[in-house]
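Reading through the structure tokens given below for one structure.
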Amino acid sequence: MSLRNKINNKKMPVHVAIIMDGNGRWAKKKGFARVKGHEKGVDAVRETVEAAAELGIRYLTLYAFSTENWKRPKYEIEALMNLLVESVNKERKTFMENNIRLLGLGDLKSLPEKSYNGLNSAIQETSGNTGLQLVLALSYSSRWEIVETARRLAEKVRSGEMESMQITEKTFRDTLPSASIPDPDLLIRTSGEYRISNFLLWQLAYTELYFTPVLWPEFNREDLYKAILDFQGRERRFGMTSEQIQQQKSAS
Ligand code: FPP
Numbered sequence: 311m312s313l314r315n316k317i318n319n320k321k322m323p324v325h326v327a328i329i330m331d332g333n334g335r336w337a338k339k340k341g342f343a344r345v346k347g348h349e350k351g352v353d354a355v356r357e358t359v360e361a362a363a364e365l366g367i368r369y370l371t372l373y374a375f376s377t378e379n380w381k382r383p384k385y386e387i388e389a390l391m392n393l394l395v396e397s398v399n400k401e402r403k404t405f406m407e408n409n410i411r412l413l414g415l416g417d418l419k420s421l422p423e424k425s426y427n428g429l430n431s432a433i434q435e436t437s438g439n440t441g442l443q444l445v446l447a448l449s450y451s452s453r454w455e456i457v458e459t460a461r462r463l464a465e466k467v468r469s470g471e472m473e474s475m476q477i478t479e480k481t482f483r484d485t486l487p488s489a490s491i492p493d494p495d496l497l498i499r500t501s502g503e504y505r506i507s508n509f510l511l512w513q514l515a516y517t518e519l520y521f522t523p524v525l526w527p528e529f530n531r532e533d534l535y536k537a538i539l540d541f542q543g544r545e546r547r548f549g550m551t552s553e554q555i556q557q558q559k560s561a562s
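Under this note's numbering, the residues of the sequence shown are numbered 311 to 562, in order.
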């Protein structure tokens, strides 16, 4: 039986988030410049998005550029920004044809004007699409997001719109810049690194983590299927006991 056929369509993760890592190491291994690794990484993005849409995954979040990535050499940042806007422009037609909605998460205003405008216009154009919600985390870091949320709440308290006692897990969550996106069910990190790297720290509280040694440019749909199968074999207890989970299942 193919890996695809082993996947239970009824137990599909609603939200899959991916830390795409290993572009530089892939390029080095092949004797190419780092930027070539990012270019090849775009092919892996395309294949993963296509596979996720076919599987009926509702949300796919890709960590495309972190706040810390601004510390990289200038030419690499420029290459990544150009690649991003070129890829988004190239895929706009595919997004529309496949009902894919593009969303941005992060300090998008800090992107170069051309990248910001290109991204924003694709976000606007696809805003009515109801299929796969493709979230690009750009100039994103979780600590940035949490601080941003604290600022928003502080401003509401200062202006009298809410009281400090009304700051709860729920109001905090609903104020996050990513408030419209459910918490990920599955996080995948490629390239054999076991870190979260400032990604969705609040949202990952009960997420299943999956690490693979595959370098991002070599990640393909079969690798995505393997991650989903692994996820489907796990019991998610959310702090409860196994017996409680079984009781909940038989009651529903
Ligand atoms: C990590 O590899 C990858 C990135 C920092 C950028 C990811 C970007 C892309 C795949 C291309 C553009 C994306 C979209 C959504 C069109 P690394 O450079 O950290 O690799 P290394 O750890 O091996 O050096």
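We treat Cβ as the ideally placed atom computed from N, Cα and C, and that holds for glycine.
Since the structure is predicted, the reported quantities are computational estimates derived from the model, not experimental observations.
Are the CB atoms of L412 and T440 nearer to each other than 8 Å?
no
Would F482 pass as a contact of T459 if the rule is Cβ separation under 8 Å?
yes
Is M330 near the ligand FPP, in the sense that its beta carbon is under 7 Å from a heavy atom of that ligand?
yes
Taking the alpha carbon of S431 as the reference point, which residue from N408, L446, V398, R462 has its own alpha carbon closest?
V398
Can you list, in chain order, the residues of its chain whose CB lies under 7 Å from that of L514, leaving out five sequence neighbours each side?
P494, L497, I506
With burial defined as no fewer than 16 other Cβ atoms inside 10 Å of the residue's Cβ, what is the status of R468: buried or exposed?
exposed
Taking the C-alpha atoms as reference points, what is the distance between E386 and W380?
10 Å
At the 8 Å Cβ level, is S560 part of the contact set with chain D, yes or no?
No chain D is present in this structure, which holds just one protein chain.
How is G549 classed by DSSP in three states: helix, strand or coil?
coil
Sorry if obvious, but does the Cβ on V524 come closer than 7 Å to a heavy atom of the ligand FPP?
no
V395 and L444 look like a contact to me (Cβ under 8 Å); what is the Cβ gap, rounded to whole Å?
15 Å between Cβ atoms; not a contact.
Out of curiosity, what's the CA-to-CA distance linking G351 and F529?
9 Å
For F375, verify whether its CB is less than 7 Å away from any heavy atom of the ligand FPP.
yes
Regarding V352 and the ligand PLP, is the C-beta to nearest heavy atom distance less than 7 Å?
No copy of the ligand PLP appears in this structure; the ligands present are the ligand FPP.
Thinking C-beta only, is L446 closer than 8 Å to A374?
yes
Check this for me: beta carbons of E455 and P487, under 8 Å apart or not?
yes
Is any non-hydrogen atom of the ligand FPP found closer than 7 Å to the C-beta of R499, if you look at the structure I gave you?
no
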